[in-house]
Each structure stands twice: as C-alpha cells, then as structure tokens.
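What follows is a short report on a single structure.
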Amino acid sequence: MTNEISGGRYNLVDTIIRQTDRVNSSADKTKNPDNLVNGTRSFQEILNEQFNKRVSFSKHANQRVETRNIRISESDLNRLDNACDRAQQKGIRDALIVMDNSAFIINTPNKVVITVVDKNEMKSNIFTNIDGALFI
C-alpha cells in the first residue's frame, strides 16, 4: 500500500484503507461476538466510527510532533477534538488551533492535523491557508 499525497493531503482512499485495516486488526483482538458479523465488524459500526472519529495526525504532523518534542496527552486530544467540532460547526474548513504552547493546523471536515508548531516557532511563523482560528 502506498501513501499517495495529492495537493499536500493524503489520498482519501488510502486513509479509509488504513482505518479499515486498523478496525479489522482491533476486531480480531477483541473477538466480541455482539459486534462481529462473520468475524468482522458490521458496516454500520465502521461507518459510525468514521463519522464520530477523533482527530488524527497526518504523516507530516507526526514527524513535526517527534522532531519538535511536542507532548500530546489524552486530555489534549480531547480538547483538540472538541475545538475541531466547534470550528466545523462555524463552517471553518482549515483551522488554526492554538493550545497551551503549541499551534495545530487542522482540516476540520476530515479531522486531520496537518501540521504542528511549538511555542518558539509560533513567534516567527506566518500561518496561511486557514479560514479561522481558535484559542483554547
């Protein structure tokens, strides 16, 4: 499987395939008969999970988190997820979310963090291609 990037964003098909692989591997581990149909989760459960999914990080964002030593806790993920939902409700497609000592650019329809900047880099950075900002 390849990670094709078009226009600076991951190919949606690749994202769906990776999510399906993740769902299938977790279904194999849990083996809960109430959620399984012929050894896999039902289409409705997978669809609901996709619509209710949490914020995920692009490959680029993951690299930035690692190289900049940014620590993201479960609580931070919940705050980002809530901020992303609020931005989406206001019609913001690409949001700058400033939280504590980091800034995140998130594509809200896909709930994907595109990039992450730490406090030191925020001072000298210009943020482009955003249509809204949230400070949490």
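FYI, in my numbering the residues of the sequence shown are 456 to 591.
For each residue, glycine too, the CB sits at the ideal point set by N, CA and C.
N584 - DSSP class collapsed to helix/strand/coil: coil
Residue from R548, I501, H515 whose Cα sits closest to the Cα of V571: H515
Spatial distance of K545 from N524 (CA atoms): 31 Å
For S557, three-class secondary structure by DSSP: strand
CA-to-CA distance, S497 to N517, given in whole angstroms: 30 Å
Start-to-end residues for the beta strand (DSSP E) that takes in T570: 567 to 573
Cβ-Cβ distance between D573 and N556 below 8 Å: yes
Among M577, F582, E529, R519, nearest to D549 - alpha-carbon criterion: Selection M577, F582, E529, R519 evaluated against D549 yields F582 as nearest (Cα-Cα).
Separation of E500 from E576, as counted between CA atoms: 41 Å
Through-space distance from T495 to I569, alpha-carbon basis: 31 Å
Cα-Cα separation, L532 to R541: Each residue's Cα considered, the two are about 14 Å apart.
For N530, three-class secondary structure by DSSP: Asn is not the amino acid found at residue 530; the sequence shown has Ser there. S530: helix per DSSP, three-state reduction.
Where R541 falls: helix, strand or coil (DSSP): If DSSP states are grouped into helix, strand and coil, R541 belongs with the helices.
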